[in-house]
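Undergrad: Chains as they are written, first to last, in the working numbering: chain L, 131 to 415; chain Z, 59 to 393; chain F, 25 to 355. Glycine is no exception: its CB is placed at the ideal position from the N, C-alpha and C atoms. Have a look at this one before I ask anything.
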Amino acid sequence: MATPAALPGVHRRRIFPRIDAPAAAIVGGVVILVLVLVALLAPLVAPHDPNEISLAQTLHGASASHPLGQDSSGRDILSRLFFGGRTALLGPLLVVLLSTLVGVPLGLLAGYVGGLLDGVLARSWDVMFAFPPLLLAIVIVAAFGAGFWTATIAISITYMPLLARVVRGVVLVEREKAYVDACKVQGFSGLRVSLGHVLPNISPTIVAQSTLNFGYALLDLAGLAFLGLGVQPPTADWGGMLADGRKNLVLSYNEVVAASVTIAIAVVAFNLLGDALTHRLGRSR
Amino acid sequence: MSAPLLELRSVTTELPFGERYWPVVNDVSFTLAQGEVLGIVGESGSGKSMTARTILRLLPTGARSRGEVLLEGTDLMQLPARALREVRARRAALIFQDPRAHIDPLWTVGDHLTEGLRVHKGAGRPGARRRALELLADVGITEGERVMRSYPGQLSGGMLQRVMIAGALAGEPDLLIADEPTTALDVTIQAEIVAIFDALRRDFGLSMLFITHDLELASAICDRVLVMYAGRIMEEQPTAALFAAPLHPYTAGLLNARPQIEARHERLTVIPGRPPTPVEASQGCPFHPRCAFAREACLEEAPPLRRLGETAASACLRVEEIRAELRGEAVGGRA
Amino acid sequence: MPSGSTGGPFLAVERLAKTFRLRRMLFGGGQTEVHAVRDVSFALEPGASIGIVGESGSGKTTIARMLVGLEAPTGGKIVLEGEELRPRPTRAERLRRSRVVQIVFQDPYTSLDPRQSVRRALEEIQRVHFDGRAKAERDARTGELLDAVGLGEKEARALPRELSGGQRQRAAIARALSAEPRILVLDEAVSALDVSIQAQILNLLADLRHELGLAYVLISHDLAVVRQVADEVLVMYRGRAVETGPVETILHSPRHPYTQKLLESVPRPGMRLAREPASLAADEEGCLFRNRCPYAFERCLEEPELLELDAAHAARCWLVSNGKERSANGR
């Protein structure tokens with residue numbers, strides 16, 4: 131009877147003290163903020179031009195002017211990490227925006243309208259799930275040529291059904307709630323109910339899922355760049371740096387370690403934030 | 059008078075809300091005699107279910123309690139986990155509001171009933187089966203064989219609650235704690251379940267703690283009723299006396315607020331406002347903001363439950379002065 | 025005569041039926057038919073109040089949902105202000121129905137949009153239904169609606185989770201009244217509330233009926249609530265109307281054995297507690313109550329009609345036609 135949820139005037143998420151979730155969210159958020167700032171302000175904070183070649187100093191270790199050392203062309207690894215953050219973060223951002231823009235309406239349509247339309251949509255993305263997303267992206271890139279834009283669009287396409295499926299699932303739950311019936315009884319159109327009432331109520335789920343997707347997309351795009359299908363040299367990119375550094379791994383591990391640790395930190399940060407958001411949703415429902 | 063089967067002494071249970079602990083059961087003391095059916099009646103948030111859960115220490119994570127819960131002299135609060143499990147299995151059984159949420163849907167009713175018998179009573183397979191059929195007969199299930207073969211999903215809510223009661227009886231407990239056992243059921247089924255409880259106490263001398271939001275339901279089965287509000291006991295009386303002459307303005311208000319089948323009222327007499335949530339600390343009597351009889355003295359501190367004679371108790375400061383009015387109001391409301 | 029009416033009845037439900045077809049799970053592609061509502065008829069005058077009583081599975085909620093267009097009938101018809109409702113209404117028909125009949129649901133915790141304040145909900149409904157209204161006019165009307173249900177400015181701006189159960193139910197009533205309907209369907213609208221709050225809402229419903237001339241269709245399992253709100257009663261059992269009549273008659277001299285059992289089951293001090301065997305049987309043929317009926321005899325294998333006892337009172341029981349008198353007083 132005295133269920134905490136039933137207390138008026140009390141937000142359920144404040145009822146039990148949470149230590150883990152907000153701390154993780156704050157750490158994730160701060161790391162993401164730092165990464166974004168550094169990428170945006172790269173020309174100001176980077177010690178060198180990322181493309182400044184110094185063939186006399188190839189594969190040099192850390193020094194005072196090159197804190198993380200230099201790569202196979204003698205370029206400053208730290209500066210390339212800073213500049214590489216621009217494509218490495220812009221790509222996933224575009225992926226999240228594009229997949230949301232297409233996936234959410236599709237999921238909403240399938241879940242809210244249901245029936246035959248739902249059947250067709252759900253089956254069509256089931257087919258897409260039959261292929262590993264990275265493989266599918268590689269096929270798309272192979273067909274349309276390598277580069278930042280094709281890679282980004284290719285990964286976006288593989289993420290659309292992922293988001294659509296999540297959205298469809300929560301819409302199916304939401305549309306059974308009595309308030310949706312109450313809207314229908316008011317004579318509201320399907321468009322008004324689905325966009326005006328169902329969508330706002332599932333938006334926290336979309337935000338949480340998109341945050342998680344950001345991390346995964348970053349990883350996938352780095353993967354494509356590593357395979358030489360994404361961002362093309364000489365533009366600095368974390369995935370590209372990984373590929374570049376791998377060639378000379380026996381001579382110097384600086385570039386590989388720097389790029390992979392950065393990628394890992396970024397992905398973990400997005401996962402922490404995404405998990406914290408999902409966690410909070412679970413409690414407030 | 060013999061020693062009570064169950065006695066609670068100054069039991070307080072607190073739950074963490076936000077930054078601090080708030081009491082959901084506040085300084086509750088009462089006794090339950092052997093063979094007695096005691097009702098705890100209250101609205102949502104009154105602490106009635108939490109009182110039941112405190113007795114068997116089935117509280118949500120983070121809850122803390124103090125005070126003494128004596129079951130035949132043993133303090134359950136101090137019992138180690140293992141001994142407590144033994145108590146739950148064989149001495150004090152709990153029946154919940156929603157039977158479907160408390161039975162494994164993948165087990166047949168037969169599996170469910172015989173498991174308890176074999177684990178706790180050491181019965182063999184045929185013996186456990188025979189006993190399970192007897193238990194089902196005790197709760198009015200004549201087609202025992204067929205019910206034993208059924209899965210929970212194939213049975214109605216009323217049938218399932220009968221099965222849960224049979225399961226609770228398997229350990230031959232002395233005490234049955236029923237937490238809103240009929241709230242999810244239809245009225246006609248509710249009457250049948252209440253009749254089963256009544257028969258169990260007559261046939262087996264089972265003692266019962268019957269928790270409900272429905273004062274009329276409590277009156278149908280209980281010998282004595284405790285009325286709870288905001289975690290505290292407001293009033294304690296034998297059922298008939300409580301209905302005839304309530305000893306707390308809250309009880310009188312509840313009796314008046316219910317519509318009657320016999321006649322339509324122009325307007326129902328309402329209790330203004332709403333019950334407080336556990337996080338709304340109030341100075342003084344928790345009912346004073348809604349009470350027509352409140353005086354300044356009522357705001358000073360929460361009045362303790364005072365004994366008024368052998369069987370009655372009230373937590374109203376002014377009960378002696380307003381007794382006649384409460385009675386008149388309750389009677390007037392029901393005419 | 026109601027305004028805007030084409031001269032037909034205000035609300036007439038004629039031989040309404042709803043059969044749900046459920047697909048069997050996984051194996052065996054067959055369908056199971058569930059007869060939720062079977063041949064139910066009743067009528068409602070402007071300002072009148074009818075109670076539909078029954079237990080879970082009696083079909084009472086399905087009737088409520090069909091009245092407001094959330095389910096389409098599979099048989100019979102609903103005539104509203106002389107106009108028969110069609111299973112696939114046009115937008116105009118849908119809006120017109122919304123302005124005649126509205127509903128208040130049982131659970132105030134799920135029936136309000138969690139992200140919309142009461143004020144914004146009332147505002148939105150007015151924009152949909154009365155788009156000619158100026159902003160000031162809408163605000164004034166919102167104020168009137170909030171006043172009518174006893175909510176203040178603070179509650180109007182709050183999100184549902186910041187309101188208590190009673191306040192939420194007031195908000196749900198205000199929302200239902202926004203389109204200015206003439207019939208309110210109350211689907212167990214006070215069942216989930218605490219006793220002290222329930223009385224407040226019942227008084228509010230009485231006031232609204234008096235002030236606005238609303239007609240009520242009250243769906244409830246609680247006979248005391250039915251007594252308080254309804255003038256006429258329809259007792260349902262497994263989709264069928266088993267007894268109909270004025271509320272005093274039904275509650276004082278019920279003639280159908282099921283209605284009698286219902287009344288005997290109402291908890292009260294000193295009620296008769298007789299242990300009865302539980303039955304698994306629920307036959308689809310003949311009288312649907314006969315498996316639970318203490319008076320069942322051979323003839324009950326055949327389905328009885330709703331037999332008139334007098335002009336207002338009817339019961340679906342063979343014993344009524346036989347003129348066999350039983351101690352019919354349920355109390």
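Does the separation of the CB atoms of R45 (chain F) and G99 (chain F) fall below 8 Å?
TA: No, they are not a contact pair.
Undergrad: So for Q150 (chain F), helix, strand or coil by DSSP?
TA: It is helical.
Undergrad: Ignore the nearest five residues each way along the sequence and tell me which others in M217 (chain Z)'s own chain have a CB closer than 6 Å to its CB.
TA: Around M217 (chain Z): no qualifying Cβ.
Undergrad: If you count every other CB in all the chains shown that lies within 10 Å of the CB of D246 (chain F), and 16 or more means buried, which is it?
TA: By the neighbour-count rule (16 or more Cβ atoms within 10 Å), D246 (chain F) is buried.
Undergrad: I98 (chain Z) bridges to which residues according to DSSP?
TA: Note: I98 (chain Z) sits in a beta bridge opposite Z:I269, Z:L284.
Undergrad: Are the segment 321-336 of chain Z and the segment 224-242 of chain F touching by the rule of at least three beta carbon pairs closer than 8 Å?
TA: Yes, since at least three Cβ pairs between the segment 321-336 of chain Z and the segment 224-242 of chain F fall closer than 8 Å, the two stretches touch.
Undergrad: Would you say the segment 371-383 of chain Z touches the segment 61-77 of chain F, given that touching needs at least three Cβ pairs under 8 Å?
TA: Not touching, per the Cβ criterion.
Undergrad: Given this structure, state the Cα-to-Cα distance separating G71 (chain F) from C343 (chain Z), to the nearest angstrom.
TA: Taking the straight line from one Cα to the other gives about 43 Å.
Undergrad: Rounding to the nearest angstrom, what Cα-Cα distance links L265 (chain L) and D162 (chain Z) in this structure?
TA: Distance between the alpha carbons of L265 (chain L) and D162 (chain Z): 43 Å.
Undergrad: Report the rounded CA-to-CA distance for S104 (chain Z) versus V301 (chain L), giving the unit in angstroms.
TA: So the two alpha carbons sit approximately 36 Å from each other.
Undergrad: In terms of DSSP beta bridges, what is P270 (chain F) paired with?
TA: According to DSSP, P270 (chain F) bridges with F:E256.
Undergrad: Taking CB distances under 8 Å as the criterion, tell me whether I149 (chain F) reaches chain L.
TA: By this cut-off, I149 (chain F) is an interface position.
Undergrad: Residues in its own chain within less than 6 Å of F356 (chain L) by CB, not counting five upstream and five downstream?
TA: The answer, listed in chain order, is G369, L372, A373.
Undergrad: Could you give the residue range of the alpha helix (DSSP H) that holds F110 (chain F)?
TA: In the sequence as displayed, the identity of residue 110 (chain F) is Arg instead of Phe. Taken as a continuous stretch (DSSP letters only), R110 (chain F) belongs to no alpha helix (DSSP H), as it is neither H nor E.
Undergrad: Consult DSSP for M258 (chain L) and reduce its assignment to one of helix, strand or coil.
TA: It is helical.
Undergrad: Taking the alpha carbon of E126 (chain Z) as the reference point, which residue from Z:E230, Z:T112, Z:A249, Z:L117 has its own alpha carbon closest?
TA: Residue Z:T112 is the option with its Cα nearest to E126 (chain Z).
Undergrad: Taking C-alpha atoms, which residue in Z:L267, Z:R322, Z:L357 lies nearest to E94 (chain Z)?
TA: Ranking Z:L267, Z:R322, Z:L357 by Cα distance to E94 (chain Z) puts Z:L267 first.
Undergrad: Mapping the DSSP letters down to three states, classify A213 (chain F) as helix, strand or coil.
TA: In the structure shown, A213 (chain F) sits in coil (DSSP, three-state: anything other than H, G, I, E or B).
Undergrad: So, for G81 (chain F): in the same chain, excluding its five sequence neighbours on each side, which residues have a beta-carbon less than 7 Å away from its beta-carbon?
TA: Excluding positions up to five away in sequence, the list reads R262.
Undergrad: Would you mind stating whether V209 (chain F) and L91 (chain F) have Cβ atoms separated by less than 8 Å?
TA: Contact flag set, yes.
Undergrad: Does the distance from the C-beta atom of S220 (chain F) to that of G97 (chain Z) stay below 8 Å?
TA: No, the pair does not count as a contact, with Cβ atoms beyond the cut-off.
Undergrad: Going by DSSP, name the residue or residues bridged to H59 (chain F).
TA: F:T43.
Undergrad: Thinking D179 (chain L) and S209 (chain L) are a contact (beta carbons under 8 Å), I'd like their distance in whole angstroms, please.
TA: So it is a contact: roughly 7 Å between Cβ atoms.
Undergrad: DSSP puts A36 (chain F) in a beta bridge; with which residues?
TA: DSSP lists F:A67, F:V103 as partners of A36 (chain F).
Undergrad: Tell me the DSSP secondary structure of M290 (chain L) in three-state form.
TA: Correct three-state label for M290 (chain L): helix.
Undergrad: Quick one: is A294 (chain L) buried, meaning 16 or more other Cβ sit within 10 Å of its Cβ, or exposed?
TA: Classification for A294 (chain L): buried.
Undergrad: So what does DSSP say about N401 (chain L), is it helix, strand or coil?
TA: Of the three classes helix, strand and coil, the one that applies to N401 (chain L) here is helix, per DSSP.
Undergrad: Closest to E108 (chain F) by C-alpha separation, out of F:A36, F:P278, F:A200, F:S244, would be which residue?
TA: Of the listed residues, the one whose Cα sits closest to E108 (chain F) is F:A36.
Undergrad: Report the neighbours of F44 (chain F) on chain L: residues whose CB is nearer than 7 Å to its CB, in chain order.
TA: Those do not exist, as F44 (chain F) stays about 15 Å from chain L at its closest Cβ, beyond 7 Å.
Undergrad: Does any residue of chain Z bring its CB to less than 8 Å from the CB of L40 (chain F)?
TA: It does not: the Cβ of L40 (chain F) has no partner Cβ on chain Z nearer than 8 Å.
Undergrad: Once DSSP output is grouped into helix, strand and coil, what is the label at Y309 (chain L)?
TA: Three-state result, Y309 (chain L): helix.
Undergrad: By DSSP, does F88 (chain Z) sit in helix, in strand, or in coil?
TA: F88 (chain Z): strand per DSSP, three-state reduction.
Undergrad: Taking the C-alpha atoms as reference points, what is the distance between G168 (chain Z) and F321 (chain F)?
TA: Taking the straight line joining both Cα atoms gives about 34 Å.
Undergrad: Residues of chain L with CB closer than 9 Å to the CB of R199 (chain F), please, in chain order.
TA: Within chain L, the residues near R199 (chain F) are A312, Q316.
Undergrad: With respect to the beta strand (DSSP E) encompassing S68 (chain Z), which residues constitute its N-terminal and C-terminal limits?
TA: Element bounds for S68 (chain Z): 64-75.
Undergrad: Would you call the CB atoms of L238 (chain L) and L321 (chain L) closer than 8 Å?
TA: Contact: no.
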